[in-house]
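Protein chains in written order, with the numbering used here: chain H, 1252 to 1587; chain F, 1252 to 1587; chain D, 1252 to 1587; chain R, 1252 to 1587.
For every residue, glycine included, the Cβ atom is placed at its ideal position computed from N, Cα and C.
There are 4 protein chains.
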Amino acid sequence: MKKINVAVVGVSGYTGLELIKLLRNHPNFTLNYAGTSEGGGKISDLHPSLLNVMDMKVQKSEPKEIAKSCELAFLALPHKTAMSFAKELLELGVRVIDLSADYRLSLENYEKHYGVHLDKEHLKKAVYGLPELNREKIKKASLVANPGCYPTASILAIAPFAQYIKKNTPIFIDAKSGVSGAGKKLVESSHFVNVNENFISYNALKHRHEPEIAEVLVSQNITNAVYFVPHLLPVTRGMLVSVYMQLNTKIDAFKVLTDFYKNERFIRVRDKAVSLKLTAGTDFCDLFAVEKDDIVFVSSSIDNLLRGASAQAVVNANLMFGFDESVGIPKEAYVP
Amino acid sequence: MKKINVAVVGVSGYTGLELIKLLRNHPNFTLNYAGTSEGGGKISDLHPSLLNVMDMKVQKSEPKEIAKSCELAFLALPHKTAMSFAKELLELGVRVIDLSADYRLSLENYEKHYGVHLDKEHLKKAVYGLPELNREKIKKASLVANPGCYPTASILAIAPFAQYIKKNTPIFIDAKSGVSGAGKKLVESSHFVNVNENFISYNALKHRHEPEIAEVLVSQNITNAVYFVPHLLPVTRGMLVSVYMQLNTKIDAFKVLTDFYKNERFIRVRDKAVSLKLTAGTDFCDLFAVEKDDIVFVSSSIDNLLRGASAQAVVNANLMFGFDESVGIPKEAYVP
Amino acid sequence: MKKINVAVVGVSGYTGLELIKLLRNHPNFTLNYAGTSEGGGKISDLHPSLLNVMDMKVQKSEPKEIAKSCELAFLALPHKTAMSFAKELLELGVRVIDLSADYRLSLENYEKHYGVHLDKEHLKKAVYGLPELNREKIKKASLVANPGCYPTASILAIAPFAQYIKKNTPIFIDAKSGVSGAGKKLVESSHFVNVNENFISYNALKHRHEPEIAEVLVSQNITNAVYFVPHLLPVTRGMLVSVYMQLNTKIDAFKVLTDFYKNERFIRVRDKAVSLKLTAGTDFCDLFAVEKDDIVFVSSSIDNLLRGASAQAVVNANLMFGFDESVGIPKEAYVP
Amino acid sequence: MKKINVAVVGVSGYTGLELIKLLRNHPNFTLNYAGTSEGGGKISDLHPSLLNVMDMKVQKSEPKEIAKSCELAFLALPHKTAMSFAKELLELGVRVIDLSADYRLSLENYEKHYGVHLDKEHLKKAVYGLPELNREKIKKASLVANPGCYPTASILAIAPFAQYIKKNTPIFIDAKSGVSGAGKKLVESSHFVNVNENFISYNALKHRHEPEIAEVLVSQNITNAVYFVPHLLPVTRGMLVSVYMQLNTKIDAFKVLTDFYKNERFIRVRDKAVSLKLTAGTDFCDLFAVEKDDIVFVSSSIDNLLRGASAQAVVNANLMFGFDESVGIPKEAYVP
């Protein structure tokens, strides 16, 4: 089978690294362009773990160069930077999977939470890349907005209960993420001494993933208000999201989940509590639910860098190019 | 001033160790009896960190022996074991602070969640040892039921909002504790490899601290249903509790907290997110709140072994014997 | 190409799990027998991370059954247990890779450090499975003794300096391992609270890997006395070994290493300090050396479960069956 | 008893914080000056854990102001900055305990490893503040050079063996420190993701504590060459140092240690392996030794911020002002 040439723009960060590792082993894609804002050196200079594994050169990211050889570009760039690349690449005929927030929200919500949008044209056509909800649209998309990590874990926990959630009651999401979710930046909140043996909430009820979750839930006919509080876990990797909802009827939450996801290969509904380590290293979203009175608690676990970013992006790429969605997607957790 | 002789029954565990360290430095109490179920050896054999620091002998716990020399006994024993000691000690005229759950609940709730109660007589007279709520009763008590760690952090977060919580709405408590809360037992869930780089909920909506919280809240005129989910943090020490409540009016949550606790020396209301490390090593409960629409989020941080057990017990002892409640109580956190 | 059927005996532990994951993705081997001492259930019952990934049945380990369908058996069993399985399997014509210590030492050293040997016949013919030293012998072996984790990291650090080590001077090895090296047993030394934020030596100058290292070094013409002290790191995975040696001449240690390993694909000589994270998840041994006066310091990093056990075992299997030794062997580290 | 007024210059770092906490509880010293390079705000702004505990104002550090009210100043400043403060304070009659390296080495060694010295006059008179070696000199000193953390742990492990170390053999020190030893700076090597689940050597055979150790050992008649390699542990606090030495005779290492330190209250010789957690939070140095053939291995554990810096500084202050050296010095470890 002919392999598809792809580019990764923004290879210096954690999601860039994960994309590289996934693509290196992918039977249908060939990574033939790796870019950063500066360019220069080899991938193993940026990521010393890849010494003697992947010694490809790093380019100064240039859409025209990418368009010469690649059919698809993954953008692992900061918000705002991504949209200018996406715009130009799309105009050059390159399909795009954007891992930033730039195409995830409605224009109104984007400009309220992130600032002015510079590519309104493509924003309208972007498909939100959560395969369980939008599989058919993704297959035909030129531009996929890869979901945020918190929204991925949260929406997959909530969506199955659409018809059971009591109208006008709040949905509470208490979320916890490993430090890799905050990237490589050297800030006080990522200094080892401040994170280790610690635990703290941040941006309570003000995080920009809250409107992303709410907006996608509306598309699933869930119009309840969403209240979201993230916390920083003293671990490198993984995310656990706790959701609390009020119900309009008695349900068997386990059955609701298993029915809803019965054909999904990257969702595992468990009858015991889910945990970071059972999903870290994979694209799985593990779900667990308990109901009591008219309340349901749902616990959702993903690898923030894989299901929450890079592996989900490659699943989307598989769908866009007509491959089986599980090709090249990791299923074996890092345990122990 | 004459010092009061006290006993610690159950010195081999973590809360026993913390009691020993607190009492060793206390100006008004003298630890002159340290017991375990077996007896034998010295405290520094059980706790090698105390080599050359405290070399007191360990007794086989015997109420009659304790009564000969002690006016007060701290019971750091498992549920069920505690009540038989408490009963005998009280009958011998020794005042008791029980760190187990044996005297915390109404008889009905106790027998529903823990099993048959063997000391119904004293159960009726036990005072729930949360100083901020029951200070005057504690001063006169013969038997103090020292609160659970989760209830301490949760109740202190919720109580100030009594008049503002909307009737008939659920209160959600998403709680996270360090591993020392589970004690020294060698179980799979405390094996390093299973805890490290991991995070998991346990006993969701079924934990026995849920009825303890609910019962105490009723005494504060809060009759809302309480839904409680604890999680295990990959840290040794500390506890962070997130509370989500619906309000019947607009409030300034920070002001509600500061007004409610304006005379309290072991509560700190912060205007930034609270964290484990700022309270670990102290008796402080740090609180932070954010409101949005008709929702309030409250974050509460304590040291699970100190404010959640041993230091709160010594505060209660201070109150019972007429000392200033802050004597000998640690205020300096372990940071960095 | 015809795939080779293989068995893993002892699939419940960490090295068993890693073998399963490696074999599941191996193009030339088919795992068609998974055994434990008790048998029963599925692999995903033992290892919940493999739910929906690998649902193979677990057998009660039985050499005769294995011999019916498998050409090779990996033994991930405790010392002593392994040799009785190995003996029977070999007699039935099944080739064996033993991950225990049972065939690593001379009879004399084995009986001195481990106790009576029950399979002296095969012990004589066993090949020590360190590919860099014994590649050609491994290819023809029926029985490979897979090296211990500490010996692997230590010997690979020392062997290149054979001709430069000063006669009659001691070689010091200060080694540090993650907790997974101690297995799943529930013991005080693996309780999270005892390991976390801690660091400690164990079996100083008395560990049974010391004679294993010394014996293999003799085969490399290094007869110096070896002094070995292991320590327990508060991490799940990884091993770093520091070696201190006195030299008989001035050398360029970096060049000595690069020359010695110039054709090796699973050794990386680095010009910066090596670390756990650059090898965790791979079969690489990363090496770094600094010389000063007549002293050389060598730092060696491996994944204790992969290069120190299961991945090295699969490399040995590749060699035994004539495959390229790197087939199916992981090269991408778990970073970040 | 009249209390002595003291200053801490450089209160924003970790050692500054520890000094504040120690002095706050000290019966004989009063902290009445807290300075930083900028000044402004309160101590609890710099260290939020001290909210409602210590709300003293922070001054812009000014020797003349200090001299008005303080008899002693602790300098918790970077190398180079310390000496200019020390010089001026000493000339104004204030005694000084300097926690930097500025007065620890001979002029020759200082200028070789740190650069030009600007206070050669006082350098000559500075006393190296290791109480076990220099107690009497410290009592009379105007200027105490507080030892480095690695030298403290290393020298205390080596000094007792002075007469038994074989001439002309190297001493190897393999040292491991928690991250707090590197301070608050935001650098890649202290980013949580780079430290967590990792372990790495740094400055192998090139660290500036190597000459400090060697120079002090010469004062103890140990002239052997010292080879020192530090490593970074994924913990916040604590230090473990492994020392390997060759002996000129058979010894009982445990007895050598216990005899040498029989009158010392902050040294504990243990008959089991020493560990970080047994000393973290205290001024103790715990020692353990094993001998084999003509080799001795010594393991030494200290809290890098307390015995390795601030608590040792307060012990020195006690000695300088004629107090019992253990007054106000913590003996209870943070365990669990």
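Range covered by the beta strand (DSSP E) that runs through H/Val1492:
Segment Met1490 to Gln1497, the beta strand (DSSP E) holding H/Val1492.
So D/Met1314 and D/Leu1340 are in contact, right, with Cβ under 8 Å, and what is the actual spacing, rounded?
For the record, residue 1314 of chain D in the displayed sequence is Pro; it is not Met. In this structure D/Pro1314 is in contact with D/Leu1340, their Cβ atoms being roughly 5 Å apart against a cut-off of 8 Å.
I need the straight-line Cα distance from F/Val1586 to D/Thr1500, nearest angstrom please.
Just so you know, the alpha carbons of F/Val1586 and D/Thr1500 end up roughly 49 Å apart.
Just to confirm, are F/Cys1536 and F/Ala1404 a CB contact at a threshold of 8 Å?
Against a cut-off of 8 Å, the Cβ pair of F/Ala1404 and F/Cys1536 comes out as a contact.
3-residue-minimum beta strand (DSSP E) runs that sit fully inside the stretch 1374 to 1410 of chain F, ordered along the chain:
Here the runs fully enclosed are 1394 to 1396.
Over what stretch of residues does the alpha helix (DSSP H) that includes H/Arg1346 continue unbroken?
Here H/Arg1346 belongs to no alpha helix (DSSP H); instead the beta strand (DSSP E) covers Arg1346 to Asp1349.
Could you say which of D/Ile1422, D/Leu1328, D/Val1547 and D/Ala1324 lies nearest to D/Val1469 if we only look at CA atoms?
Distance from the Cα of D/Val1469 is smallest, within the candidate group D/Ile1422, D/Leu1328, D/Val1547 and D/Ala1324, for D/Ile1422.
On the DSSP letters alone, give me the boundaries of the beta strand (DSSP E) that R/Tyr1284 sits inside.
Where R/Tyr1284 is concerned, the enclosing beta strand (DSSP E) stretches over Phe1280 to Thr1287.
Chain R beta carbons: is any one of them nearer than 8 Å to that of D/Ala1524?
For D/Ala1524, the answer is yes, since a Cβ of chain R falls inside 8 Å of its Cβ.
Where the alpha helix (DSSP H) through F/Glu1583 begins and ends
That residue, F/Glu1583, is in no alpha helix (DSSP H); it is neither H nor E in DSSP.
Taking its Cβ as the centre, do 16 or more other Cβ atoms sit within 10 Å of H/Pro1481, making it buried, or is it exposed?
So H/Pro1481 counts as buried.
Looking at the C-beta of D/Phe1203, does it have a partner C-beta in chain R at a distance below 8 Å?
This structure does not reach residue 1203 of chain D, given that chain D is present from 1252 up to 1587, and the question cannot be answered.
Go to R/Val1444, then tell me how far its alpha helix (DSSP H) extends in each direction, as first and last residue.
In the DSSP assignment, R/Val1444 falls within the alpha helix (DSSP H) that extends over Phe1443 to Val1446.
When DSSP labels each residue in this structure, what does F/Tyr1478 get in the three-state scheme?
DSSP, reduced to helix, strand and coil, places F/Tyr1478 within a strand of the structure shown.
Can you tell me which of H/Ala1392, H/Tyr1415, H/Leu1527 and H/Val1430 puts its alpha carbon nearest to the alpha carbon of H/Ala1568?
That would be H/Ala1392, whose Cα lies nearest to the Cα of H/Ala1568.
What are the residues that DSSP puts in a beta bridge with R/Asn1256?
Paired residues: R/Thr1281.
Buried or exposed by the 16-neighbour rule on C-beta atoms within 10 Å, applied to H/Ser1431
Around the beta carbon of H/Ser1431, a 10 Å sphere encloses 16 or more other beta carbons of the protein chains shown; the residue is thus reported as buried.
Is R/Ile1546 close to chain D? Criterion is C-beta to C-beta, closer than 8 Å.
Cβ-Cβ to chain D under 8 Å: yes for R/Ile1546.
Could you have a look at R/Arg1459 and say whether DSSP puts it in helix, strand or coil?
In the structure shown, R/Arg1459 adopts coil according to DSSP, grouped into three states.
Count the other CB atoms, across all protein chains shown, that sit within 10 Å of the CB of R/Asn1445; report buried if there are 16 or more and exposed otherwise.
R/Asn1445 should be labelled buried.
Consider the Cβ of D/Tyr1495: report whether some Cβ of chain R lies at a distance smaller than 8 Å.
D/Tyr1495 counts as touching chain R.
Validate contact between the stretch 1500 to 1516 of chain R and the stretch 1536 to 1550 of chain R using beta carbons, cut 8 Å, 3 pairs:
Yes: the two stretches touch, three or more of their Cβ pairs being nearer than 8 Å.
What do you get for D/Ala1413, buried or exposed, if any count of 16 or more other CB atoms within 10 angstroms of its CB means buried?
Burial call: exposed.
CB R/Glu1332 to CB R/Val1309, shorter than 8 Å?
One point to set straight first is that residue 1332 of chain R is Thr, not Glu, in the sequence displayed. Going by C-beta atoms, R/Thr1332 is not nearer than 8 Å to R/Val1309.
Given that R/Thr1487 touches chain F, what residues does it touch there, using C-beta distances under 8 Å?
Below the 8 Å Cβ cutoff, chain F contributes Pro1587 as neighbours of R/Thr1487, in chain order.
Give the interface partners of R/Lys1427 over in chain D, defined as CB-CB distance under 7 Å, in chain order.
By Cβ distance, chain D contributes Phe1450.
In the DSSP assignment, find the alpha helix (DSSP H) that holds H/Ile1317 and state where it starts and stops.
Unbroken alpha helix (DSSP H) run through H/Ile1317: Pro1314 to Ser1320.
Taking the alpha-carbon positions, what's the F/Lys1418 to D/Ser1263 distance?
Computed Cα separation, rounded: 52 Å.
Locate the alpha helix (DSSP H) running through R/Lys1523, then write down its first and last residues.
Looking at the DSSP string, R/Lys1523 is not in any alpha helix (DSSP H), and its letter there is neither H nor E.
R/Val1547, enclosing alpha helix (DSSP H) - first and last residue
Where R/Val1547 is concerned, there is no enclosing alpha helix (DSSP H), although the beta strand (DSSP E) it sits in stretches over Ile1546 to Ile1553.
Any Cβ of chain H within less than 8 Å of the Cβ of F/Tyr1401?
F/Tyr1401 does not count as touching chain H.
Flag D/Ala1560 as yes if its beta-carbon sits less than 8 Å from any beta-carbon of chain H, otherwise no.
No, D/Ala1560 lies away from the interface with chain H (no Cβ there is under 8 Å from its Cβ).
Buried or exposed (CB count within 10 angstroms, at least 16 for buried), H/Lys1363:
Here H/Lys1363 is exposed. Its C-beta has fewer than 16 other C-beta atoms within 10 Å.
Just to check my reading of the structure: R/His1460 and R/Phe1443 have Cβ atoms closer than 8 Å, yes? What is that Cβ distance to the nearest angstrom?
The beta carbons of R/His1460 and R/Phe1443 sit about 25 Å from each other, so the pair does not count as a contact at 8 Å.
For R/Ile1464, list the residues DSSP reports as bridge partners.
Answer by DSSP bridge pairing: none, since R/Ile1464 is not bridged.
Within the continuous alpha helix (DSSP H) that includes F/Leu1302, where are the two ends?
Run containing F/Leu1302: none; DSSP gives neither H nor E here.
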